[in-house]
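S.K.: Below is the structure I would like to discuss, written out as structure tokens.
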Amino acid sequence: MTKKEIVKTISEEIGLTQLKTKEIVQKTFDAIVDTLVEEKRIELRNFGVFEVKKRAARKARNPRTGEKVFVEEKFVVTFKPGKEMEERVRELDRLAAQAAAREAAANNSTGHNAAKSIAHPDGSYSPTTSYETGAGS
Numbered sequence: 004m005t006k007k008e009i010v011k012t013i014s015e016e017i018g019l020t021q022l023k024t025k026e027i028v029q030k031t032f033d034a035i036v037d038t039l040v041e042e043k044r045i046e047l048r049n050f051g052v053f054e055v056k057k058r059a060a061r062k063a064r065n066p067r068t069g070e071k072v073f074v075e076e077k078f079v080v081t082f083k084p085g086k087e088m089e090e091r092v093r094e095l096d097r098l099a100a101q102a103a104a105r106e107a108a109a110n111n112s113t114g115h116n117a118a119k120s121i122a123h124p125d126g127s128y129s130p131t132t133s134y135e136t137g138a139g140s
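First residue of the sequence shown: 4, per my numbering; consecutive thereafter.
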């Protein structure tokens, strides 16, 4: 989702113009960045924690050339999702498992099961044996 899509969604939900909503969204992003620069940490309850951490200098390898390179220490922004966000994302796993189970059940009931697709000459099915008609039949 892009910032433009976020603005459109919020604008429609709360009834503000997209221009006013864009201003509010941008001010929110600016406040987050300013706080990270000044305080190195911002905690948004039920959402997560952004934190600036120092990444130590290290030796690395250029994946394209294989050449060893030195990477200087630097500051990076990390994000740890809040409990509510983690729970809602975990719900995706549960929904995906349910969808997979429904699809498997639908495939079994509609004859897409590979074992049912091997027919004997008498019309019965076998999961392990395939019979061909032709020479010697």
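Just so you know, even glycine gets a beta-carbon here, dropped at the ideal spot from N, CA and C. Keep in mind it's a predicted model, so treat the numbers as computed, not measured.
1) Are the stretch 12 to 32 and the stretch 49 to 69 in contact at 8 Å, needing three or more beta carbon pairs?
2) Using DSSP with H/G/I as helix, E/B as strand and the rest coil, what is residue 5?
3) Out of 23, 97 and 87, which has the shortest C-alpha to C-alpha gap to residue 52?
4) Should residue 12 go down as buried or exposed, given a rule of 16 or more other Cβ atoms within 10 Å for buried?
5) Would DSSP call residue 25 helix, strand or coil?
6) Identify the residues that DSSP records as bridge partners of residue 93: which are they?
7) Output yes or no for whether 8 Å exceeds the beta carbon distance between residue 54 and residue 67.
8) How is residue 62 classed by DSSP in three states: helix, strand or coil?
9) Does the Cβ of residue 80 have 16 or more other Cβ atoms within 10 Å, making it buried, or fewer, making it exposed?
10) Beta-carbon within less than 7 Å of residue 107's beta-carbon, same chain only, minus the 5 sequence neighbours each way: which residues are those?
11) Beta carbon of residue 32, beta carbon of residue 85: below 8 Å?
12) Residue 10: buried (16+ other C-beta within 10 angstroms of its C-beta) or exposed?
M.R.: Taking the definition as stated:
1) no
2) coil
3) 87
4) exposed
5) helix
6) Answer by DSSP bridge pairing: none, since residue 93 is not bridged.
7) no
8) strand
9) exposed
10) Cβ within range, chain order: n/a, list empty.
11) no
12) buried
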